[in-house]
Amino acid sequence: MIWKKQVAIFFCVAVIYSEAGQSLLFPFGLNEGDEFLPATVDGGTNELSIAVAFPFYDHEYTSLYVNNNGLISFLETFSQYTPEPFPLAIDRRLLAPFWADVNTEIGGNVSYREVLRFAQNDGIFLEADGIIRASFVDMRDFVSSWMFIATWDNMSFYGSSPAAHRNSFQAVMVTDGRYSFVIFNYGDINWTTGTDNEGDANTGLGGTPAQVGFNAGDGVNFYSVPGSQTAAIVDIETTSNIGVPGRWVFRTDNSNIEGLECTTSGAVSLFPLVGSMLGGTQVFINGPCFNANSLIVCDFDGIETSGRLLEDEIALCVSPTFYKVGRIPLRVSLDDGVTFDFTGLFTIISVEDVPDNVFSSVTESNQRESDFEITWDTDALESVDEVDIVVYGYREDNDVEFSGPLVVVAQGVDYHLGHHSVSGLLDPELHFDVGVIGVRESEGQGGK
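Sequence positions in the sequence shown follow mature numbering (1 follows the signal peptide of the UniProt record, and there is no 0) and run -20 to -1, 1 to 428.
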């Protein structure tokens, strides 16, 4: 461990800069109620108790430390100004949006605040929830309750002149008490290294560049953002793992930090992993390197359906009807079905195992009557405006496979209404062992 011999202590005026290059940063500063670190070399806060335990690498923490040199630590303060490759030694538990030798003596501010969710600050939580939901296919219902925002604004490097280059960056910690996420936001990044780490006094480049990532403190588990401790880290505001230059998002509660680097082939992440044999399940897909020109096609065990891109990192396909149950292969194409370079497994389950989201006034005694009211949960489907109302009928045969007619009783119904009146629901000549009423995305809307 390396320590500086000279320590200067003084307080600076908390001036908050607002620059166009910092538009990704969450609101910060005096007007937001931030606390400010004193301008001490290699300094940091005392232990800060937090209201909600933050899950990190399979442990929960009720306090933390904000450090001038671009990191947040647990268990103890962390004053080391020379970044090292991860993993670090035991008990060095930290997250580092930009661990480097920061100079707090010539302007700039390090500020922080804890935020609990109330009606008056719901907007910032909605923003964080939206980022997380758009980044992780299995977190579409995530609702945060606690947030901690630390911002390093307009900071220069140790050994620089007052007119030297400046960096601005931010760490946003978010949790609902069970799952936790960290968002790294970057404004202008212009230097990587202080002079005590052999950086150039004029440019702040060279030497031992900044480290960005997470360290579990067990000597084994860690995550480093690509480019860390290389000259390339100066361009981190132009890179991303979610398709938004200057923003990196991670899930941090598990034993392994989950980043979101995309791939050009291989396995995909699916949510949900199961769907009704009757089809109509919205399957969210994460993992491939999508772009604006991607033409999504999903192959569900030989049945192809057209998909669409929802966000930069997430696509959507709707499962077709299957008259069988069990696990099936799901292949994904980004070139309109020419090649299928991505694979996953999807499980078809019986109607009886699917939760009810559609309700009707149909009963065994009145099923041949002419008028019925059908209602549905308007939160069950995403990015849908129109739906078709269908009746599935099937008979069980000796092979435990199902076959039977499918009747479309209404098309192009406004999904957001949540209800529809149907006349003449069934043809008297149709006979099934089981009949099921369903609401599915209209075939003409998103492609099926």
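Beta carbons: idealized from backbone N, C-alpha and C, even for Gly.
So, is residue i buried or exposed, given that buried needs 16 or more other C-beta atoms within 10 angstroms?
i, result
"F339", "exposed"
"T244", "exposed"
"D351", "exposed"
"G418", "buried"
"V263", "buried"
"T155", "buried"
"H145", "buried"
"N89", "buried"
"Q150", "buried"
"V318", "exposed"
"Q391", "exposed"
"V200", "exposed"
"H399", "exposed"
"N195", "buried"
Residues bridged to residue i by DSSP?
i, result
"H400", "I354"
"V117", "According to DSSP, which records beta bridges pairwise, V117 is partnered with nothing at all."
"M153", "F128, V162"
"E421", "V367"
"M135", "N147"
"Y45", "S53"
"G392", "Per DSSP, none; premise fails for G392."
"N266", "S249, I294"
"G24", "N47"
Cα separation between residue i and residue j?
i, j, result
"V393", "D168", "48 angstroms"
"W356", "L106", "25 angstroms"
"residue 443", "S403", "With the chain running from -20 to 428 in the structure shown, residue 443 is simply not present."
"R93", "D198", "28 angstroms"
"Y203", "I237", "6 angstroms"
"P142", "D102", "39 angstroms"
"R113", "P65", "31 angstroms"
"G13", "T218", "29 angstroms"
"V46", "A181", "26 angstroms"
"V246", "G324", "Reading off the sequence, residue 246 comes out as Gly, not Val. Between G246 and G324, the C-alpha separation is close to 9 angstroms."
"Y372", "G259", "10 angstroms"
"V387", "C242", "41 angstroms"
"V298", "F280", "10 angstroms"
"S59", "D22", "5 angstroms"
"L314", "T358", "29 angstroms"
"L68", "L74", "10 angstroms"
"A31", "M153", "13 angstroms"
"S208", "N165", "16 angstroms"
"V117", "L253", "11 angstroms"
"H39", "N337", "37 angstroms"
"A99", "M127", "14 angstroms"
"L17", "T131", "11 angstroms"
"V367", "S330", "22 angstroms"
Does the distance from the CB of residue i to the CB of residue j come in under 8 angstroms?
i, j, result
"G267", "F322", "yes"
"I213", "A190", "yes"
"V82", "N48", "yes"
"Y395", "S235", "no"
"F161", "R231", "yes"
"G187", "V205", "no"
"T62", "N177", "yes"
> Which full runs of the beta strand (DSSP E) of 3+ residues lie inside the stretch 170 to 225, going along the chain?
Replying inline: 191 to 195, 202 to 204
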